[in-house]
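S.K.:
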Amino acid sequence: MSYQALIERLTSLGISFQRDCPIAPHTTFRIGGEADLLCVIESLPELHDTIIACNSHHIPYKIIGGGSNILVSDKGYRGLIIINKAKDWEILEDAEIPELKSTALARHRAEDVVTPLEERQNKVIVRIASGIKIPTLMNQLLKVDISGLELFAGIPATVGGATYMNMHGAKLFFGDLIAQAQLLSNGEVKNVSQEYFQFDYDYSILHETQETVLSCDLVLTQGQSKEAKALAKEWIMKKKNQPQRSAGCLFHNLTNEQQEKLGYPTPSIGYVIDKVLGLKGKTIGGAKISEGHAAFIENTGKATAEDVLKLINEIKKQMLLKTGIVLQSEIEFVGELN
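Converting from the sequence shown to the numbering used here requires adding 12 to each position, the first position being numbered 1.
1. Whose C-beta lies closer than 7 Å to the C-beta of Pro255 among residues of the same chain, with five residues either side of it excluded?
2. Would you please state the rounded distance, in angstroms, between the beta carbons of Gln194 and Val201? I believe it to be under 8 Å.
3. Relative to the C-alpha of Asn198, which candidate in Leu92, His180 and Thr224 has its C-alpha closest?
4. Would you report the Cα separation of Ser216 and Gly173, rounded to the nearest angstrom?
5. Quick check on this structure: which residue in His219, Phe185 and Ala242 has the alpha carbon closest to the alpha carbon of Val231?
6. So, with DSSP's three-state summary, where would you put Pro37?
7. Do you know offhand how far Lys99's Cα is from Gly336's?
8. Which ranges would you report for the beta strand (DSSP E) in the segment 164-231 if only whole runs of at least 3 residues count?
9. Let me know the secondary structure DSSP gives Gln330 once reduced to three states.
10. Determine, using beta carbons only, whether Ala165 and Trp101 come nearer to each other than 8 Å.
11. Leu104 by DSSP, collapsed to three states: which one?
12. Which whole-angstrom value is the C-beta distance of Val95 and His38, which I expect to be below 8 Å?
13. Verify whether the separation of the beta carbon atoms of Ser85 and Leu262 is less than 8 Å.
14. So, with DSSP's three-state summary, where would you put Ile21?
15. Mind checking Gln271: buried by the 16 CB within 10 Å criterion, or exposed?
16. From this set, Glu269, Phe29, Gly297 and His264, which residue's C-alpha is nearest Ile285's C-alpha?
17. Do the segment 236-249 and the segment 284-299 meet, that is, are 3 or more Cβ pairs less than 8 Å apart?
18. Could you say which of Leu226, Gly187 and Asp214 lies nearest to Tyr208 if we only look at CA atoms?
19. Give me, in chain order, the residues of the same chain whose beta-carbon lies closer than 7 Å to that of Phe41; leave out the 5 immediate sequence neighbours on both sides.
20. Quick one: what's got a C-beta closer than 7 Å to Ala240's C-beta in the same chain, skipping five residues either side?
21. For Thr295, write down the residues that DSSP places opposite it in a beta bridge.
22. Hey, Gln210 and Ile190 are a contact pair by Cβ (cut 8 Å); roughly how many whole angstroms apart?
23. So, is Leu117 buried or exposed, given that buried needs 16 or more other C-beta atoms within 10 angstroms?
24. Considering only their Cβ atoms, is the gap separating Gln340 from Leu291 smaller than 8 Å?
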């Protein structure tokens, strides 16, 4: 694969890049080989132009935001890794507030039980670039007395990644807040409504279309910042045992139907991996099923992607043998994995 034409185009656009660049530091797992090319973009025009350049020169690309929910191959990535740090946002004054729907059915764990803030009518729409991290955005909005993101406190996702995965915090899904979004699709920019995404549990239509989120218009609340800060702190404390150096929760929790059929006290996949499969603490190489929360695999220091993949496959195998259920992964695999 020749990158010369792309390199010349990126250079002409003033977009800096690195060759043979490690991807691991840009992920929460701290795992992964080198990208042939890697660039960090700081604005939506840069993101737009970089993707157009890749498409024009037939170079594969992968966008990474916060680096959670992904496992990067030890062999790295053949193409361009784009680190999206576009972080602008603006309040849309006098924007019409649409009627939004709940986008998925929550699968509660005991640790997910918190009392959300009382619903208020004083709504506001904020247009947000896809590369800003949710905790950063939440804190910036609270400073201007805008709340609504507190149940996502502590999650290291970006707005783009949260949209792609329909990220959830307790019983709130990110898609529940989206009035519309701006996507880059086949070189064209288009605006789409909440319905377009076909949101579900850890799913959006972007998994199929592979369109790029440029920005989202979120319906948030003007006010309640003091209460939101307190709830965010409470929520972070509930999740304090979640492991570091991991990609996040590995698998979907059980559906209500699966939980009822199996007679388990909770739909938590962490409970199942621990109490039913007996795999909590199991280690392969440098990868370990967390002692603190069995739904997570930790990088204990020198884990490889292959170590993690072997643990994932062992969990899937034991789950199928003992319950007949085929587990659905919550993480995305990047690059060539066996």
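C-beta atoms are modelled at their ideal positions from N, C-alpha and C, and glycine is treated no differently.
M.R.: Quick answer:
1. Taking the first residue of the sequence shown as position 1, residue 255 is located at position 243. Counting only Cβ-Cβ distances below 7 Å, and skipping sequence neighbours, we find Ser302, Gly304, His305, Phe308 and Glu310.
2. Position 182 of the sequence shown holds residue 194. Position 189 of the sequence shown holds residue 201. About 6 Å; that satisfies the 8 Å criterion.
3. Residue 198 sits at position 186 when you count from the first residue of the sequence shown. For Asn198, the nearest C-alpha among the options comes from Thr224.
4. Here residue 216 refers to the residue found at position 204 when the sequence shown is read from its first residue. Here residue 173 refers to the residue found at position 161 when the sequence shown is read from its first residue. Straight through space, the alpha carbons of Gly173 and Ser216 are spaced by roughly 11 Å.
5. Within the sequence shown, residue 231 is the residue found at index 219, counting from 1. Residue Phe185 is the option with its Cα nearest to Val231.
6. Translated into positions along the sequence shown, residue 37 becomes position 25. Per DSSP, reduced to three states, the secondary structure at Pro37 is helical.
7. Translated into positions along the sequence shown, residue 99 becomes position 87. Translated into positions along the sequence shown, residue 336 becomes position 324. Spanning the two alpha carbons is a distance of roughly 44 Å.
8. Counting whole runs of 3 or more residues, the segment 164-231 contains the beta strand (DSSP E) stretches 190-197 and 200-205.
9. As a first step, residue 330 must be located in the sequence shown, where it is residue number 318. Note: Gln330 maps to helix in three-state DSSP.
10. Looking up residue 165 in the sequence shown gives position 153. Looking up residue 101 in the sequence shown gives position 89. Going by C-beta atoms, Ala165 is not nearer than 8 Å to Trp101.
11. The sequence position of residue 104 within the sequence shown is 92, counting from 1. Residue state for Leu104 is assigned as strand, using DSSP reduced to three classes.
12. On the sequence shown, residue 95 is found 83 positions in, with the first residue counted as 1. On the sequence shown, residue 38 is found 26 positions in, with the first residue counted as 1. Note that residue 95 is Ile in the sequence shown here, rather than Val. Sure, about 6 Å apart at Cβ, within 8 Å.
13. Here residue 85 is taken as the residue at index 73 of the sequence shown, counted from 1. Here residue 262 is taken as the residue at index 250 of the sequence shown, counted from 1. No, the pair does not count as a contact, with Cβ atoms beyond the cut-off.
14. Within the sequence shown, numbered from 1, the residue matching residue 21 stands at position 9. It is Arg, not Ile, that sits at residue 21 in the sequence shown. It is helical.
15. To locate residue 271, count along the sequence shown from 1; it is residue 259. It counts as buried.
16. The residue given as residue 285 occupies position 273 in the sequence shown. Of Glu269, Phe29, Gly297 and His264, the residue nearest in Cα terms is His264.
17. Judged by pairs of C-beta atoms under 8 Å, the segment 236-249 does not touch the segment 284-299, as fewer than three such pairs exist.
18. Numbered from its first residue, the sequence shown carries residue 208 at position 196. It is Gly187 whose Cα lies nearest to the Cα of Tyr208.
19. Walking along the sequence shown from the start, residue 41 turns up at place 29. For Phe41, where only same-chain residues beyond five positions count, the Cβ hits under 7 Å are Leu83, Arg257, Ser258, Ala259 and Asn311.
20. Numbered from 1 along the sequence shown, position 228 holds the residue referred to as residue 240. Excluding positions up to five away in sequence, the list reads Leu129, Leu154, Ser159 and Glu162.
21. Here residue 295 refers to the residue found at position 283 of the sequence shown. According to DSSP, which records beta bridges pairwise, Thr295 is partnered with Lys300.
22. Taking the sequence shown and counting its residues from 1, the one referred to as residue 210 is at position 198. Taking the sequence shown and counting its residues from 1, the one referred to as residue 190 is at position 178. 12 Å between Cβ atoms; not a contact.
23. Mapped onto the sequence shown, residue 117 falls at position 105. Classification for Leu117: exposed.
24. Taking the sequence shown and counting its residues from 1, the one referred to as residue 291 is at position 279. Taking the sequence shown and counting its residues from 1, the one referred to as residue 340 is at position 328. No, the pair does not count as a contact, with Cβ atoms beyond the cut-off.
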